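Residue numbers (numbering that gives the first Met the number 0), protein chains in the order written: chain E, 0 to 264; chain A, 0 to 264.
There are 2 protein chains.
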Amino acid sequence: MSSPKHALLAETLRDRIEHDVYEGGRIPSEATLADEFQVSRTTVRAALNALQNEGLLRSQSGVGYFVRRFQHFVYRPQDDFRRTKDIADVKSLTGAEDPDPDPFIKAAGARKAEYRFEVTMVPATGDVLRRLRVPEGEFVVLRKRWRLLDGVPYQLYDSYYPRDVVEGTEVMEPRDIPRGVYQVLAERGHAQVRALDEIWVRMPRQSEVDRLKILPGTPVAEHVITGFTAEDRPVRMARVVLPGDRNVITFERTHPDHESETQSD
Amino acid sequence: MSSPKHALLAETLRDRIEHDVYEGGRIPSEATLADEFQVSRTTVRAALNALQNEGLLRSQSGVGYFVRRFQHFVYRPQDDFRRTKDIADVKSLTGAEDPDPDPFIKAAGARKAEYRFEVTMVPATGDVLRRLRVPEGEFVVLRKRWRLLDGVPYQLYDSYYPRDVVEGTEVMEPRDIPRGVYQVLAERGHAQVRALDEIWVRMPRQSEVDRLKILPGTPVAEHVITGFTAEDRPVRMARVVLPGDRNVITFERTHPDHESETQSD
DNA sequence: CAGTGGTCTAGACCACATC
DNA sequence: ATGTGGTCTAGACCACTGT
């Protein structure tokens with residue numbers, strides 16, 4: 000009926016962490032805990048390892064274990080749609096000479112927002128192929144974007160476009176598009192009028208751990224946006240990978256009945 | 000420059016799993032791997048433990064390690080809004096005598112959907128208090144719901160209502176409301192016309208591990224929905240906890256410019 | 001019964017951070 | 001130099017699953 004020692008220890012530590020027992024979020028050393036609970040260091044490590052995987056602690060080699068603190072960024076996928084309309088507002092609000100209207104930068108607030116870009120042509124595979132309804136092996140344009148706040152990576156934002164839709168436009172260049180991508184798509188006769196959002200949750204791959212500089216035990220959300228024209232052709236797919244310790248995804252919506260009511264008024 | 004043995008072993012195993020090297024998803028025993036890679040059993044366990052925490056493997060005591068397989072449920076928060084309109088459709092489609100129009104049941108398809116309910120009054124605390132804008136300590140109505148598919152818990156769905164809004168209605172009873180909650184709210188003069196969705200990602204608490212029967216290394220999404228009336232009063236807050244290995248959250252939206260275009264047509 | 005994973009120990013050596 | 005976490009070993013005993 001009784002739990003193993005490492006589980007009991009983990010339970011005790013979870014409790015202490017929740018009640019802020021440890022000054023400055025600093026957990027006692029492995030040796031100290033082993034001594035206090037009369038168990039081997041290996042058992043202490045098993046407990047601490049579990050807490051790390053739950054995202055409660057982080058360890059720093061040669062220093063110690065610390066309680067993790069979080070600061071979330073509020074990510075609003077709907078803002079991307081609204082971009083072009085807001086350019087004037089941003090200019091008037093910030094007084095910036097050359098305001099960057101990217102919604103990520105607008106939402107950054109006091110934190111320093113930063114980008115990295117990379118544009119390539121890749122053969123469509125897997126879910127990209129399926130979502131963009133492109134023949135196997137056909138090349139699509141991939142815009143890879145890193146979104147950083149105060150030097151910390153907050154999001155990986157990769158967007159895919161069918162080749163014919165964006166070829167010869169500034170979408171092919173690795174820099175921000177002040178007009179907004181939707182403007183460019185519209186000018187080419189592929190205005191995006193509808194989007195489907197899919198969100199799921201998983202543990203990160205090794206490549207994402209490296210790109211996002213996340214600690215072990217940090218889950219990620221994968222957010223895939225597929226954009227459609229009025230003719231229901233998919234013209235854009237974006238895959239956003241968001242570390243769970245740094246992001247909140249938000250949506251706003253109105254009741255469909257209410258919409259029709261107001262329309263029938 | 001070289002990685003520790005357990006990391007190299009984990010890397011090798013990740014690769015083998017991805018390339019489906021192991022028949023039937025069955026991983027060799029710890030002893031076998033220790034022998035093959037010439038390391039101690041402890042080192043093998045460190046590698047396998049890491050893969051479990053990444054959600055790639057599950058272990059079964061006394062049996063062995065297996066590759067994990069996933070079957071996702073498509074969760075559409077917007078369906079909840081549409082509920083009352085669809086009752087007739089469900090009846091005509093399924094031919095059921097007493098069709099249950101809950102969107103979760105509709106979306107279950109061939110899988111057997113199941114519920115558990117619990118209704119209580121609790122003092123508002125933390126984010127519930129903040130989101131429902133209720134004075135500290137004031138009691139709110141809590142509807143706790145478990146949503147199961149084929150006996151497996153897929154979602155914890157807890158919804159909170161200000162006491163005055165639902166007192167004396169069937170919302171206080173621990174069973175499904177065929178009319179839909181939105182209908183009840185509307186009849187009480189608190190029609191919900193707008194909702195805010197917030198989604199984030201984290202590792203589960205112990206209580207959630209128990210309630211959802213999830214394996215170690217499974218992250219969860221927390222989805223909080225706050226519903227507002229036309230007067231901007233929050234009348235409903237729901238907290239949905241979704242195990243990452245079983246759910247995809249989806250939204251559909253239309254381009255705001257497009258909406259205004261069609262309205263101005 | 002044999003084989004599997006789960007628990008636990010004592011002890012060793014290393015790299016790294018801090019003083 | 002000291003203390004910290006990171007790695008790794010060999011070996012022991014247990015509980016559980018399958019035949």
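C-beta atoms are modelled at their ideal positions from N, C-alpha and C, and glycine is treated no differently. Keep in mind the model is a prediction, meaning the values are calculated, not measured.
Find the nearest neighbour of F227 of chain E within the set A:K143, A:R252 and A:S206, judged by alpha-carbon distance.
A:R252
Apart from the five residues just before and just after P161 of chain E, which ones in its own chain have a Cβ nearer than 7 Å to its Cβ?
L131, V133, V139 and V234
Of all the options E:F103, E:R238, E:T119 and E:V240, which has the alpha carbon lying nearest to the alpha carbon of A112 of chain E?
E:F103
Where S158 of chain A falls, given that 16 or more other Cβ within 10 Å makes a residue buried:
buried
Under three-state DSSP, which class holds V234 of chain A?
strand
With respect to the alpha helix (DSSP H) encompassing D14 of chain E, which residues constitute its N-terminal and C-terminal limits?
K4 to E17
Do L155 of chain E and R210 of chain E have their beta-carbon atoms positioned less than 8 Å apart in this structure?
yes
Check whether the stretch 55-70 of chain E and the stretch 7-25 of chain E touch, using three or more Cβ-Cβ pairs below 8 Å as the test.
yes
Using a Cβ cut-off of 7 Å, pull out every chain E residue sitting near V127 of chain A, in sequence order please.
Residues of chain E passing the Cβ test: none, with the nearest at roughly 17 Å.
Which full runs of the alpha helix (DSSP H) of 4+ residues lie inside the stretch 37-73 of chain A, going along the chain?
40-52
Which residues mark the beginning and the end of the beta strand (DSSP E) in which E186 of chain A is found?
Element bounds for E186 of chain A: not the beta strand (DSSP E) but the alpha helix (DSSP H), V180 to E186.
With a threshold of 8 Å, are at least 3 pairs of Cβ atoms found where one atom belongs to the stretch 43-54 of chain A and the other to the stretch 8-16 of chain A?
yes
Bridge partners of Y160 of chain A, per DSSP?
A:V140
Taking Cβ-Cβ distances shorter than 8 Å, what residues in chain A pair up with R193 of chain E?
E251, R252, T253, H254 and H257
Among the residues of its own chain, which have a CB less than 7 Å from the CB of R110 of chain E, if the five just before and after it don't count?
L148 and D149
Interfacial residues, the stretch 197-211 of chain A to chain E, with Cβ spacing under 9 Å:
E197, I198, W199, V200, R201, M202, P203, R204 and Q205
Start and end of the beta strand (DSSP E) containing L195 of chain A?
Q191 to R201
Among residues of its own chain, excluding the 5 on either side of R40 of chain E, which ones have a beta-carbon nearer than 6 Å to its beta-carbon?
E29 and A33
Could you give the DSSP three-state label for G243 of chain A: helix, strand or coil?
coil
Short of 6 Å in beta carbon distance, which residues of its chain neighbour I248 of chain A, apart from the five on each side in sequence? Order them along the chain.
Y74
By the DSSP assignment, the beta strand (DSSP E) with V170 of chain A in it spans what residues?
V170 of chain A -> no beta strand (DSSP E), and no H or E assigned at all.
What residues in the stretch 41-59 of chain E bring their beta carbon closer than 7 Å to a beta carbon of chain A?
N52, E53 and G54
With a 10 Å radius around its C-beta and 16 neighbouring C-beta atoms as the bar for buried, classify E17 of chain E as buried or exposed.
exposed
Using DSSP bridges, identify the partner residues of Q77 of chain E.
Per DSSP, none; premise fails for Q77 of chain E.
Partners in chain E for A220 of chain A, counting only beta-carbon separations shorter than 8 Å
I198, W199, V200 and A220
Report the rounded CA-to-CA distance for T217 of chain A versus R187 of chain E, giving the unit in angstroms.
43 Å
If Y114 of chain A sits next to R144 of chain A, beta carbons under 8 Å apart, how far is it from one beta carbon to the other, in whole angstroms?
6 Å
At 7 Å on the CB atoms, spell out the chain A contacts of Q77 of chain E, in chain order.
R252
Sort out for me which residues DSSP pairs V118 of chain A with in a bridge.
A:R142
For the putative contact between V165 of chain E and I176 of chain E, defined by C-beta atoms under 8 Å, what is the C-beta separation to the nearest angstrom?
So it is not a contact: roughly 10 Å between Cβ atoms.
Under 8 Å between C-beta atoms of Y268 of chain A and R15 of chain A:
This structure gives no information on residue 268 of chain A, because the portion of chain A shown stretches from 0 to 264.
Hey, out of E:T119, E:D126 and E:E135, whose CA is closest to E172 of chain E's CA?
E:T119
If we count the other Cβ atoms within 10 Å of its Cβ and call it buried at 16 or more, is F72 of chain A buried or exposed?
buried
Is there a C-beta anywhere in chain E that falls below 8 Å from the one on V247 of chain A?
yes
For chain A, check one thing: does any of its Cβ atoms lie closer than 8 Å to the Cβ of G188 of chain E?
no
The beta strand (DSSP E) spanning G226 of chain E covers which residue range?
V219 to T228
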